[in-house]
Ligand code: SF4
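In my numbering, the protein residues as written are 258 to 609.
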């Protein structure tokens, strides 16, 4: 692999300098900017991240601001991005950086790895892109490009393959004079824009085409090798949009559940059932003035798919007792205060 990397380096880098996308974190790659953007970009597309990143950086411009931000506000800033454990870990990491490193993000890969929520990928990205350390960054894009380029049949879903590529890339960066920030981003960008997944690489415009083994051997549709997909579990859930005047009833998820700490629509597991619905509403002290069935919706998480049934209720009942976790929110409070995950926004958060 080292020989191929030496061979493709010049054309890869000149392609990147020509074709790279403008991104707000690229124009000012401070350690904090790189850190925030890389965490946001995990499992999330660049176009989705862009407005979240700008809003986040405007409100929390540095590590100290992140460390002292209330969790409820952080969740609101993250609302809709999903995988909320990412932002909780960021707050813990920021507190540790303030306490142990005087508010400065450490530059070394090994120190970064000691921080909550930072694994090999993020440590490699921050140390190489922000500090120009000779560290590799191995994400799905990089794995796909390298597999096809070298014709490797190693399963890219295995940690051992990822670690093997990381070590090989690191040793290439160590022997080579190339700026690791540029080289790593070039590989990632090529995987995102040209050597794309699902057997549709754009080899006709690829700067690595003349060295690519998969292309030469007509195997681009067979690589990379991956583990068979595990099918997602399915679950049914019945959600209530309960309005008193224009205020919507929400409940704070408890700590141990999926989407904990965020606000959810009141709900029970399973399909709508008149007896279950009556018992549920009575348990939270809600009397229905009118009830309407909403169209079904679907929400897909990484490991589970929700088939969602919706019931809209208008009520004059008082809010359930303080401490129950239930609370009515006005439209303004919904906009500015309550963090409600995408899954519960399927019908919008207003009366139909
Ligand atoms: S030539 Fe095709 S398969 Fe090979 S690296 Fe380029 S885009 Fe990927």
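All C-beta atoms in this analysis are idealised placements derived from N, C-alpha and C, irrespective of residue type, glycine included.
- Item | Proximity to residue 583 [Cα-Cα], best of 271, 505 and 270 | Position 326 of the chain shown, counted from the first residue, corresponds to residue 583. The shortest C-alpha separation from residue 583 is found at 505.
- Query: Which residue from 393, 389 and 325 puts its Cα closest to that of residue 360?
  - Reply: Residue numbering aside, residue 360 sits at position 103 when the chain shown is read from its first letter. Here the closest residue by C-alpha is 325.
- Query: Can the beta-carbon of residue 323 be found less than 8 Å from the beta-carbon of residue 317?
  - Reply: Position 66 of the chain shown, counting from 1, holds the residue named residue 323. Position 60 of the chain shown, counting from 1, holds the residue named residue 317. Against a cut-off of 8 Å, the Cβ pair of residue 317 and residue 323 comes out as a contact.
- Message: So, at 7 Å on beta carbons, what are the nonlocal neighbours of residue 309 in its own chain, with the 5 sequence-adjacent residues on each side left out?
- Response: In the chain shown, counting from the first residue as 1, residue 309 sits at position 52. Here the set comprises 297 and 338.
- Item | Under 8 Å between C-beta atoms of residue 500 and residue 568 | Taking the chain shown and counting its residues from 1, the one referred to as residue 500 is at position 243. Taking the chain shown and counting its residues from 1, the one referred to as residue 568 is at position 311. Cβ distance not < 8 Å, so residue 500 and residue 568 don't count as in contact.
- Task: Sort 415, 293, 601 and 302 by Cα distance to residue 315 and report the nearest one.
- Result: Looking up residue 315 in the chain shown gives position 58. Cα-wise, what sits closest to residue 315 is 293.
- Message: For the ligand SF4, I want to know if residue 405 counts as a neighbour, meaning its beta carbon is within less than 7 Å of at least one of the ligand's heavy atoms.
- Response: Counting from one through the chain shown, the residue named residue 405 turns up at place 148. Residue 405 Cβ: within cutoff of the ligand SF4.
- State the start and end residues of the unbroken beta strand (DSSP E) segment that holds residue 524. In the chain shown, the residue the question calls residue 524 occupies position 267. First-last of the beta strand (DSSP E) with residue 524: 524–526.
- Could you tell me the distance, in whole angstroms, from the CA atom of residue 272 to the CA atom of residue 260? Working through the chain shown from its first residue, we reach residue 272 at position 15. Working through the chain shown from its first residue, we reach residue 260 at position 3. Each residue's alpha carbon lies about 19 Å from the other.
- Message: For residue 502, count the other beta carbons within 10 Å of its own beta carbon; 16 or more makes it buried, fewer makes it exposed. Which is it?
- Response: Numbered from 1 along the chain shown, position 245 holds the residue referred to as residue 502. Flag for residue 502 reads exposed.
- Query: Start and end of the beta strand (DSSP E) containing residue 490?
  - Reply: Along the chain shown, one-based indexing puts residue 490 at 233. Counting along the chain, the beta strand (DSSP E) containing residue 490 begins and ends at 490–501.
- Message: I'd like to know if the segment 589–602 and the segment 519–527 are in contact, where contact means that at least 3 CB-CB pairs between them fall below 8 Å.
- Response: yes
- Message: Let me check understanding here. Comparing Cα to Cα, which of 471, 562 and 519 lies closest to residue 597?
- Response: By one-based count along the chain shown, residue 597 stands at place 340. Residue 597 has its Cα closest to that of 519, out of 471, 562 and 519.
- Item | Segment limits, beta strand (DSSP E) that includes residue 572 | Reading the chain shown from its first residue, position 315 is the one you call residue 572. Taken as a continuous stretch (DSSP letters only), the beta strand (DSSP E) holding residue 572 covers 561–572.
- Task: Report the option in 411, 406 and 384 whose CA atom is closest to the CA atom of residue 427.
- Result: Indexing the chain shown from 1 puts residue 427 at position 170. For the residues 411, 406 and 384, the minimum Cα distance to residue 427 belongs to 384.
- In angstroms with no decimal places, state the Cα-to-Cα distance between residue 585 and residue 495. Counted from its first residue, the chain shown places residue 585 at position 328. Counted from its first residue, the chain shown places residue 495 at position 238. Their backbone Cα atoms lie some 19 Å apart in a straight line.
- Using the Cα positions of residue 452 and residue 589, report the straight-line distance between them to the nearest angstrom. Translated into the one-based positions of the chain shown, residue 452 becomes position 195. Translated into the one-based positions of the chain shown, residue 589 becomes position 332. Roughly 45 Å separates the two Cα atoms.
- Counting pairs of Cβ atoms below 8 Å between the segment 470–483 and the segment 401–420, do you hit three or more? yes
- Heavy atom of the ligand SF4 less than 7 Å from the Cβ of residue 263, yes or no? If you number the chain shown from 1, residue 263 lands on position 6. It does not: the Cβ of residue 263 is nowhere closer than 7 Å to a heavy atom of the ligand SF4.
- Message: Short of 6 Å in beta carbon distance, which residues of its chain neighbour residue 268, apart from the five on each side in sequence? Order them along the chain.
- Response: The residue given as residue 268 occupies position 11 in the chain shown. The answer, listed in chain order, is 464.
- Query: So does residue 459 have its beta carbon nearer than 7 Å to some heavy atom of the ligand SF4?
  - Reply: Here residue 459 refers to the residue found at position 202 of the chain shown. Correct: residue 459 has its Cβ closer than 7 Å to the ligand SF4.
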